[in-house]
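So the protein sequences, as listed, match chains U and E.
Per the numbering used here, residue 7 is the first one in the first sequence, and the count goes up by one each step.
Per the numbering used here, residue -16 is the first one in the second sequence, and the count goes up by one each step.
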Amino acid sequence: MKAFLMYQNQDHDVDGTDTSSTESRALTRDLDLDRLCSAMSDSDPYLQQAAKQTLRTPLTSVEAIIYRQQILIDALEKPDTIRALFALAQETVDAEKKIYRSNFFDYPDAVLRRSIESLELLIGMMRRLRTITDESIGKFSSPGFTRFFTMITSELDEGYFQLATAHLEELRLRHGIMVSAGLGYANKGSHYTLRRAHPKERNWVKRLHQRAPESYSFEINPRDESGARALSDLHNQGVSLAAHALDLADNHILSFFTMLRGELAFYIGCLNLRVALDAQDAPICFPKPERIGHDEMGARGLCDLSLTLTGGHAVIGNDLDAYGKDLIMVTGANEGGKSTFLRSLGMAVLMMQCGMFVCAHYFSSSVSTAIYTHYKREEDAELNSGKLDEELERMSGIVDALTPHSLVLFNESFSATNERDGSAIARNIIRALLAAHIRVVFVTHFFDLAHGFYEQDRPDTLFLKAQREEGGKRTHRMVAGEPERTSFGPDLYDQVFGLAQAGP
Amino acid sequence: MLPDANTAQTLAAGTKPAVEPFKSILFDRSDGPITEAGVEQTVALVDLQLNQIIAAVIAGREQYDLEPFFLSPLRTLEQVTYRHAVLADLNLEGIRTAIDGFARSLSEMRKHLKQAQTLRYPYQRMAIFVLALEEYCSGVEELRRTLDDADPGSSGVLGFRDYADKYVDSDEFHTLATAARGVLAGLANIQYCFRIKGSKVTVSRYTGEPDQAQEVQDTFERFQQGNLTSPVKNGRMIVDMDHVEALILDRVARLFPDAFAALNSCYREHQSFADAVMIRFDREIQFYLAYLDHIAALEGIGVHFCIPTVTTSKCLAVENTFDLALAEVLAAKHRPVVTNDFWLRDPERIFVVSGPNQGGKTTFARTVGQLHYLAALGLPVAGTRAELFLPDKIFTHFERGENLVDLRGKLMDDLVRIHNILEDVTADSLVILNEIFTSTTLADAIDLGGKILHQIASLGPVCVCVTFVDELSCLNEATVSMVSAVAAEDPSRRTFKVLRKRADGLAHALVLAQKYRLTYDQLMERISS
């Protein structure tokens, strides 16, 4: 029984924590994903983990994205049912833990009792799942939820609940215990297997005429203490077999609820995020994914999610028309919103590929096979290799992982060296990436680099610059335009030192 | 048909006929010179750190008691050749694997036999005994099979293979194997049930009762996500039965009388089943394997070993050799091993090793000793090429740790010990003198050292003499000067290379002084500024 609420035909690995590579840690940091995860978690560490894990594994096909988008639309429309399902899964996992924690003694009889108690509880939870299903089926329209509820209806019918209860009764071992064995090392009994005795012949005439199978019995005298101990050891081994069988049953059921919890956690996260964005009056929309290699990239009112979640002031939305462009080169004034724009773009692509809504009025992009960020790291003072060494090493790490139709976001990369050398390095890298069908967004203040590409007049390149009004005021908007020589550093200088110079 | 005299002679001239039955893989047609180690030899083993090497080599193979073999150098070139041939065979495809399998089987066999003795209930004891018996038979058969497929060339391995062929084909062995396998198969087929209700236990044959745990499993399996890791059963099995188990086993024996009767008679009839020659081979072959495994581990770090050419000639020639004990230490620290070359041409007999301290002089002296000792064990030695001689004895004189306050007493002690050595030295001995006469004046050291070396030269043994006295290096035509070298570009860095060249201690001192800015010119400049 699979939930298939995250993927059409694939399990969702909630706990795959250790897969984070250097590149994915960089992405988390550069796109400020922790802030997004916090908003999704609403202070629940489990939800936080689920959000992280999902963001770490974006989808790479339009179908998979739409499958998840449809489920998310259902969830946004029926948040109460989704939260009830999640609460049921959560409660089951917690209750199980409690039962197991409350027993410290490993006497097989105690273990058996504990397993029986646990299985009773789980069967109860299964009944509740069935009840929620009966109430919801028909009210959900996404293929994912429709399939899920149909499956529950057919797998968990009354006959099944009766069979489960019957097993439970038999394993209480009210009629003694029967075990089969072979002769193992040194003739010790081996391969102990719990057996259900053949049912007695109902017809008493037949029973009279049937020769009883050959058997030999002995009894342990109650006063024979060591004998009684040995017998109870052996009995315990049989009980352990029963307890183990129940334990397995428990684990099976529990693994189902654990998986269900893990898959729903993502949607609960999305519900939480929506609440947070609504509180900021921020726009949300479901993005339109295009096929890999379609070279689509466009937005209306694209907001930076990180800034939006921080709250406080209205966030400037950006428009973008980059259809057919493989290289977007962003230049312009310092503090002009270039980094924010880059982050909002990367975040939107990533969220789209996780099946989420994005913070914009409209967004569309062709799917990328992977997203990488290469940002200048100024704060890494403890690095022992030189800064440029470090940048090149990181770049080399990304190149190791790159596949065609990936998206790479550069922010002031290779500026650890002078403009000429840095530009030359960047130029070679960009040209190579484009040739390998990799989309590049490059934020730089290197005029040499940006202008060089501008002069080539390539049809696949879009030049954006941070808008600057007369008098140097920044609008934090990106507009198309030719790279300009200065990066307006003096403006900033003036702004900071302006007061002192504004004398008479 | 009797062979005529001619045929017999031809055989004797060519490969040796197997006139005597095979006895030992270590000693050609003799039981071997296993001798008690004398005092001088014990001292030499410690000085050359051979005791450490031997301990490391035999570690993990305690059950074979290999040390006596490593303490018994061979006396004749024929015995050395016998082992070299066996070693060559051990490198052949298949042979090593075959012997390892055999060793595992026999080791298992011994484990079982030992355990059988500790068990209380006869049916348990018997079962393990038969297991041991079967393990032995399989081991022997498998060894024979693989040796038959292999193409050995040594008289040792060929002799053993003949022996094994005859043994495995014997009626005695066949009976043994058939009996053991019959019993084990009979026991393995038994399946029974026991039912516990209250204090009553009923034992019966198994008649297809369904697996209850499996039924539960089938019912709940549909929920399982991914693979379930089944809990690891902890707690080791106690082999010894308690008396309820024994009572059940008795009932099982009654339910399956034939299988248990066969077990009983197999146990009674084959109490001493193992063949003495097989058992001896199992032990002795480990002498080679222990050493080969040890050097294979070192070869992994890039040093080389070779089978030396061992003769009576003192014209030695060794390339890329090293101290085996030191190599092990360096390997553990992932540090590179420095190798050295040396050679002697008539009439040269004495290496005089000088040069900076901690530069590898003592290591070099040890290496020469180790090479000859291990060659005398008939084993491969450190290096890519080695021409060595078979010494009748190895004498060592190393600084003793004891603190003799009285310098005169220490010098006296040195002289007494060297005197004792020279009493026993022959032209076929190897003498290693490490840092003699350090406790006396330079003049004394030159004088006494010269006298000792002259004496040694006249006795004619091969000698390595480590000394700080440069003068000894060009004493006469028997001496060869070896110097521990320093890096040309940085004289303070030792290369641990010991090179055959003129002792030039003075030049070295000059370079060192320069590094510390203590040459004349530097001192003048520093002082004047």
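The C-beta atom is built at its ideal place from N, Cα and C for all residues, glycine as well.
Legend entry - Members of the segment 234 to 252 of chain E that neighbour chain U once the beta carbon cut-off is set at 8 Å: Within the segment 234 to 252 of chain E, the qualifying residues are Arg234, Val235, Arg237 and Leu238.
Legend entry - Cβ neighbours of U:Ser67 in the same chain (closer than 6 Å, five flanking residues each side left out): Indexing the first sequence from 1 puts residue 67 of chain U at position 61. No residues qualify anywhere along the chain.
Inset, instruction - Indicate whether at least one CB of chain U lies closer than 9 Å to the CB of E:Gly165. - result: In the second sequence, counting from the first residue as 1, residue 165 of chain E sits at position 182. No, E:Gly165 lies away from the interface with chain U (no Cβ there is under 9 Å from its Cβ).
Legend entry - For U:Thr156 and U:His18, the rounded distance between their alpha carbons: Residue numbering aside, residue 18 of chain U sits at position 12 when the first sequence is read from its first letter. Residue numbering aside, residue 156 of chain U sits at position 150 when the first sequence is read from its first letter. The straight-line gap separating the alpha-carbon atoms of U:His18 and U:Thr156 is approximately 20 Å.
Inset, instruction - Note down, in chain order, each residue of its chain lying with its Cβ closer than 8 Å to the Cβ of U:Thr514, except the 5 sequence neighbours on either side. - result: For residue 514 of chain U there is no data in the structure shown, the boundaries of chain U being 7 and 510.
Inset, instruction - Indicate whether at least one CB of chain U lies closer than 9 Å to the CB of E:Gly181. - result: For the purposes of this step, residue 181 of chain E is taken as the residue at position 198 of the second sequence. Taking Cβ atoms only, chain U reaches closer than 9 Å to E:Gly181, which makes this a yes.
Legend entry - Local conformation of U:Met12 per DSSP, three classes: Here residue 12 of chain U refers to the residue found at position 6 of the first sequence. Reduced to three states, the DSSP call for U:Met12 is coil.
Inset, instruction - Would you give the residue range spanned by the alpha helix (DSSP H) that E:Asn34 belongs to? - result: Counted from its first residue, the second sequence places residue 34 of chain E at position 51. Where E:Asn34 is concerned, the enclosing alpha helix (DSSP H) stretches over Leu33 to Ile41.
Legend entry - Cβ separation of E:Arg205 and U:Glu176, assumed to be a contact under 8 Å, to the nearest whole Å: For this step, residue 205 of chain E is matched to residue 222 along the second sequence. For this step, residue 176 of chain U is matched to residue 170 along the first sequence. Between U:Glu176 and E:Arg205 the Cβ distance is about 19 Å, and since that is not below 8 Å, they are no contact.
Inset, instruction - Give me the Cα-Cα distance between U:Leu6 and U:Ser312, rounded to the nearest whole angstrom. - result: Absent from the model: residue 6 of chain U. The displayed extent of chain U is 7 to 510, so no value can be given.
Legend entry - beta-carbon E:Glu460 near the ligand NAD non-hydrogen atom, thresh 8 Å: Inclusion of the ligand NAD in the displayed structure is not the case, the ligand content being empty and no account of it being possible.
Legend entry - Under 9 Å between C-beta atoms of E:Val447 and E:Leu405: As a first step, residue 447 of chain E must be located in the second sequence, where it is residue number 464. As a first step, residue 405 of chain E must be located in the second sequence, where it is residue number 422. Not in contact: E:Val447 and E:Leu405 (Cβ atoms no closer than 9 Å).
Inset, instruction - Can you say whether U:Cys365 is buried or exposed, counting buried as having 16 or more other CB atoms within 10 angstroms of its CB? - result: Translated into the one-based positions of the first sequence, residue 365 of chain U becomes position 359. Around the beta carbon of U:Cys365, a 10 Å sphere encloses 16 or more other beta carbons of the protein chains shown; the residue is thus reported as buried.
Inset, instruction - Look at U:Asp318 and U:Tyr368 and say whether their C-beta atoms are less than 9 Å apart. - result: Taking the first residue of the first sequence as position 1, residue 318 of chain U is located at position 312. Taking the first residue of the first sequence as position 1, residue 368 of chain U is located at position 362. Reading off the sequence, residue 318 of chain U comes out as Gly, not Asp. One thing to note: U:Gly318 has its Cβ no nearer than 9 Å to the Cβ of U:Tyr368.
Inset, instruction - Note down, in chain order, each residue of its chain lying with its Cβ closer than 6 Å to the Cβ of U:Leu468, except the 5 sequence neighbours on either side. - result: What you label residue 468 of chain U is simply residue 462 of the first sequence in a count that begins at 1. These residues qualify, in order along the chain: Ala328, Lys331 and Ile334.
Legend entry - For U:Leu305, the residue or residues it bridges with in DSSP: Within the first sequence, the letter at position 299 stands for residue 305 of chain U. First, the amino acid is wrong: residue 305 of chain U is Ala here, not Leu. According to DSSP, U:Ala305 bridges with U:Leu326 and U:Phe369.
Inset, instruction - May I ask you to report which of helix, strand or coil DSSP gives E:Ala315? - result: Numbered from 1 along the second sequence, position 332 holds the residue referred to as residue 315 of chain E. Correct three-state label for E:Ala315: helix.
Legend entry - Cβ of U:Ala486 within 9 Å of any chain E Cβ: Reading the first sequence from its first residue, position 480 is the one you call residue 486 of chain U. Chain E, which has no Cβ nearer than 9 Å to the Cβ of U:Ala486, makes this no.
Inset, instruction - Examine chain U for any beta-carbon lying closer than 9 Å to the beta-carbon of E:Arg188, and answer yes or no. - result: Locating residue 188 of chain E in the second sequence gives position 205, counting from the first residue. By this cut-off, E:Arg188 is an interface position.
Inset, instruction - Run the CB neighbour count on E:Lys297, radius 10 Å, all protein chains shown included, and call it buried at 16 or more, exposed below. - result: Residue numbering aside, residue 297 of chain E sits at position 314 when the second sequence is read from its first letter. Classification of E:Lys297: buried, given that the 10 Å Cβ count is 16 or more.
Inset, instruction - Return the chain-ordered ranges of every beta strand (DSSP E) run that is complete within the segment 237 to 302 of chain E and spans a minimum of 3 residues. - result: DSSP runs (the beta strand (DSSP E)) wholly in the segment 237 to 302 of chain E: 292 to 294.
Legend entry - Contacts that U:Glu161 makes with chain E (C-beta to C-beta distance below 7 Å): Numbered from its first residue, the first sequence carries residue 161 of chain U at position 155. Ordered by position in chain E, the residues that pass the 7 Å Cβ test against U:Glu161 are Arg205.
Legend entry - is_contact[E:Cys446, chain U] using C-beta, thresh 9 Å: Numbered from its first residue, the second sequence carries residue 446 of chain E at position 463. With 9 Å as the cut-off, E:Cys446 does not count as an interface residue toward chain U.
Legend entry - Cβ of U:Ala170 within 9 Å of any chain E Cβ: In the first sequence, counting from the first residue as 1, residue 170 of chain U sits at position 164. U:Ala170 counts as touching chain E.
Legend entry - Within-9 Å CB hit, U:Ala255 to chain E: Reading the first sequence from its first residue, position 249 is the one you call residue 255 of chain U. Closer than 9 Å to some Cβ of chain E, the Cβ of U:Ala255 qualifies, so yes.
Legend entry - For U:Gln473, the three-state DSSP class (helix, strand or coil): Here the question's residue 473 of chain U lines up with position 467 in the first sequence. Three-state DSSP puts U:Gln473 in a strand.
Legend entry - E:Lys180: first and last residue of the uninterrupted beta strand (DSSP E) it sits in: By one-based count along the second sequence, residue 180 of chain E stands at place 197. Going by DSSP, E:Lys180 is part of the beta strand (DSSP E) stretching over Gln174 to Lys180.
Legend entry - Listed by chain order, chain E residues near U:Leu200 by CB distance under 8 Å: Here residue 200 of chain U is taken as the residue at index 194 of the first sequence, counted from 1. Within chain E, the residues Asp194, Gln195 and Ala196 have their CB atoms less than 8 Å from the CB of U:Leu200, given in chain order.
Inset, instruction - Establish whether the CB of U:Asp17 and some CB of chain E are separated by less than 9 Å. - result: Counted from its first residue, the first sequence places residue 17 of chain U at position 11. Answer yes: the Cβ-Cβ gap between U:Asp17 and chain E drops below 9 Å somewhere.
Legend entry - Secondary structure of E:Ser187, DSSP reduced to three states: Residue numbering aside, residue 187 of chain E sits at position 204 when the second sequence is read from its first letter. Residue state, collapsed to three classes: strand.
Legend entry - Among E:Asp265, E:Val351 and E:Val320, nearest to E:Phe334 - alpha-carbon criterion: Taking the second sequence and counting its residues from 1, the one referred to as residue 334 of chain E is at position 351. That would be E:Val351, whose Cα lies nearest to the Cα of E:Phe334.
Legend entry - Under 8 Å from the C-beta of U:Met12: neighbouring residues of chain E: Within the first sequence, numbered from 1, the residue matching residue 12 of chain U stands at position 6. Near U:Met12 there are no residues of chain E at all, since even the closest Cβ is about 12 Å away, more than 8 Å.
Legend entry - Within 7 Å of chain U by C-beta, residues of the segment 86 to 120 of chain E in sequence order: For the segment 86 to 120 of chain E, the set of residues with a beta-carbon nearer than 7 Å to any beta-carbon of chain U comprises Leu102, Tyr106, Gln107, Ala110 and Ile111, in chain order.
Legend entry - CB of U:Val281 within 9 Å of CB of U:Leu348, strictly: The residue labelled residue 281 of chain U in the question sits at position 275 within the first sequence. The residue labelled residue 348 of chain U in the question sits at position 342 within the first sequence. Inclusion of U:Val281 and U:Leu348 in the CB contact set at 9 Å is not warranted, their separation being larger than that value.
Legend entry - Exposed unless 16 or more other CB atoms sit within 10 angstroms - verdict on U:Tyr113: Mapped onto the first sequence, residue 113 of chain U falls at position 107. The residue in question, U:Tyr113, is exposed, as its Cβ has fewer than 16 Cβ neighbours within 10 Å.
Inset, instruction - Just the C-alpha distance for E:Glu370 and E:Arg328, rounded to the nearest angstrom, thanks. - result: As a first step, residue 370 of chain E is located in the second sequence; it is residue number 387 there, counting from the start. As a first step, residue 328 of chain E is located in the second sequence; it is residue number 345 there, counting from the start. Rounded to the nearest angstrom, the two C-alpha atoms are 12 Å apart.
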